[in-house]
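Undergrad: Take a look at this one; I'll ask things after.
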Amino acid sequence: MLDWLQAEWPQVLGFVTGAVCVWLAGRRNVWNYPIGIANNVVLFVVFVGAGLYASSALQVVYLLMGLHGWWRWTRGAEQSRTYVARTPSRAWPWLALAALVGTVVLVWVLTTFTDSQVAIADAATTAASLVAQYMLNRKWIENWFVWICVDIAFVGLSIAAGLWVIAALYLLFIGLCVIGYRSWRRAAGEERVAAPDTATARA
Numbered sequence: 227m228l229d230w231l232q233a234e235w236p237q238v239l240g241f242v243t244g245a246v247c248v249w250l251a252g253r254r255n256v257w258n259y260p261i262g263i264a265n266n267v268v269l270f271v272v273f274v275g276a277g278l279y280a281s282s283a284l285q286v287v288y289l290l291m292g293l294h295g296w297w298r299w300t301r302g303a304e305q306s307r308t309y310v311a312r313t314p315s316r317a318w319p320w321l322a323l324a325a326l327v328g329t330v331v332l333v334w335v336l337t338t339f340t341d342s343q344v345a346i347a348d349a350a351t352t353a354a355s356l357v358a359q360y361m362l363n364r365k366w367i368e369n370w371f372v373w374i375c376v377d378i379a380f381v382g383l384s385i386a387a388g389l390w391v392i393a394a395l396y397l398l399f400i401g402l403c404v405i406g407y408r409s410w411r412r413a414a415g416e417e418r419v420a421a422p423d424t425a426t427a428r429a
């Protein structure tokens, strides 16, 4: 057991920090961002070693987006623990377009400059993850649906790369995403109930 931990400690550390990050996000706790940044650093090392180049590059982008989300959750409208919003209908076409364009660009980069054997899957999960992270930063409740789809894909991708601990982490993520969605949905209901009360009080 000790030998296994010594060999796989980066995956184990990625498991722990990733699980804590998603759990905190589900609770709308801003500390999910610093923990998530630590997770990005660990998974960058793990994915580079496994040849998942797009996924490793994704961790760098995640880190930058994590800083952006950290700022929004402490300075913008999203700083309120109870604030949750639905994704605007006008945003969906742009989100889908961003995921599609991101996938195409990343497939070209991976097939041109790397020896990746899973370029399409690696690129698609990377592009969709960025869309989900942007939605999380804006506290759009539907981010959890996108994350669940991404996590299912990452389970298969991690197994294919032999990253069994990371595959287990993404399985856990799926469950945490379901819990997170239910928590955010309750918060959205409380926000709608509180709004009329606030308006009445101001009147």
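Residue numbers (the numbering used here): 227 to 429.
For each residue, glycine too, the CB sits at the ideal point set by N, CA and C.
Quantities reported herein were computed from a predicted structural model and do not represent experimental measurements.
At what residues does the alpha helix (DSSP H) containing Leu-356 begin and finish?
TA: In the sequence shown, counting from the first residue as 1, residue 356 sits at position 130. Run containing Leu-356: 345-363, per the alpha helix (DSSP H) assignment.
Undergrad: So what does DSSP say about Ala-311, is it helix, strand or coil?
TA: Indexing the sequence shown from 1 puts residue 311 at position 85. Three-state result, Ala-311: strand.
Undergrad: Which runs of the alpha helix (DSSP H) at least 4 residues long sit entirely within the segment 239-305? Give them in chain order.
TA: Runs of the alpha helix (DSSP H) inside the segment 239-305: 258-276 and 279-301.
Undergrad: Determine the closest residue to Trp-249 out of Gly-415, Gly-406 and Arg-411, with distance taken between C-alpha atoms.
TA: For the purposes of this step, residue 249 is taken as the residue at position 23 of the sequence shown. Checking every option, the nearest Cα to that of Trp-249 belongs to Gly-406.
Undergrad: Taking its Cβ as the centre, do 16 or more other Cβ atoms sit within 10 Å of Asp-348, making it buried, or is it exposed?
TA: By 1-based counting over the sequence shown, the position of residue 348 is 122. By the 10 Å Cβ count, Asp-348 comes out buried.
Undergrad: Which partner residues of Trp-370 appear in the DSSP bridge assignment?
TA: As a first step, residue 370 is located in the sequence shown; it is residue number 144 there, counting from the start. Partner(s): none; Trp-370 has no beta bridge.
Undergrad: Measuring alpha carbon to alpha carbon, tell me which of Asn-266, Asn-255, Gly-252 and Glu-368 ends up nearest Gly-240.
TA: Walking along the sequence shown from the start, residue 240 turns up at place 14. Out of Asn-266, Asn-255, Gly-252 and Glu-368, Asn-266 has the C-alpha closest to the C-alpha of Gly-240.
Undergrad: Use the C-beta contact count for Ile-261: other C-beta atoms within 10 angstroms, 16 or more gives buried, fewer gives exposed.
TA: Here residue 261 refers to the residue found at position 35 when the sequence shown is read from its first residue. Buried, because 16 or more other Cβ atoms sit within 10 Å of the Cβ of Ile-261.
Undergrad: Since Trp-410 and Ile-378 should fall inside the 8 Å C-beta cutoff, what is the C-beta to C-beta distance between them, to a whole number of angstroms?
TA: Numbered from 1 along the sequence shown, position 184 holds the residue referred to as residue 410. Numbered from 1 along the sequence shown, position 152 holds the residue referred to as residue 378. The pair is not a contact, with the Cβ atoms about 20 Å apart (cut-off 8 Å).
Undergrad: Quick check on Leu-389: does DSSP put it in helix, strand or coil?
TA: For the purposes of this step, residue 389 is identified with residue 163 of the sequence shown, where counting begins at 1. Reduced to three states, the DSSP call for Leu-389 is coil.
Undergrad: Among Leu-402, Val-327, Arg-298 and Val-331, whose alpha-carbon lies nearest the alpha-carbon of Met-361?
TA: Reading the sequence shown from its first residue, position 135 is the one you call residue 361. Taking only the C-alpha atoms, the option nearest Met-361 is Arg-298.
Undergrad: Please list, in chain order, all residues of the same chain as Leu-228 whose beta carbon is under 6 Å from its beta carbon, the five residues on each side excluded.
TA: Position 2 of the sequence shown, counting from 1, holds the residue named residue 228. For Leu-228, the predicted model reports a pLDDT of 46, less than 50, meaning its position is unreliable and no value from the coordinates is stated.
Undergrad: Candidates Val-372, His-294, Ala-354 and Ile-392: which alpha carbon is nearest Leu-284's?
TA: Position 58 of the sequence shown, counted from the first residue, corresponds to residue 284. Of the listed residues, the one whose Cα sits closest to Leu-284 is Ala-354.
Undergrad: Terminal residues of the continuous alpha helix (DSSP H) containing Thr-329?
TA: Translated into positions along the sequence shown, residue 329 becomes position 103. Residues 317-339.
Undergrad: Quick one: using the 10 Å Cβ neighbour count with 16 as the cut-off for buried, is Ala-322 buried or exposed?
TA: Counting from 1 along the sequence shown, the entry for residue 322 is found at position 96. With fewer than 16 Cβ atoms within 10 Å of its Cβ, Ala-322 is classed as exposed.
Undergrad: For Val-176, count the other beta carbons within 10 Å of its own beta carbon; 16 or more makes it buried, fewer makes it exposed. Which is it?
TA: The structure shown has nothing for residue 176, since the chain only spans 227 to 429.
Undergrad: Counting beta carbon pairs with one atom in the segment 333-349 and one in the segment 269-278, are three or more of them shorter than 8 Å?
TA: Verdict: yes, contact present.
Undergrad: Spatial neighbours of Gly-328 within its chain, please: C-beta separation below 6 Å, excluding the five flanking residues on both sides.
TA: Here residue 328 refers to the residue found at position 102 when the sequence shown is read from its first residue. Once the five neighbours on either side are set aside, the close Cβ partners of Gly-328 are Ala-353.
Undergrad: Is the distance from the Cβ of Leu-293 to the Cβ of Tyr-259 below 9 Å?
TA: Looking up residue 293 in the sequence shown gives position 67. Looking up residue 259 in the sequence shown gives position 33. For Leu-293 and Tyr-259, yes; Cβs fall inside 9 Å.
Undergrad: Indicate the three-state DSSP secondary structure (helix, strand or coil) for Ser-409 in the structure shown.
TA: Counting from 1 along the sequence shown, the entry for residue 409 is found at position 183. Three-state result, Ser-409: helix.
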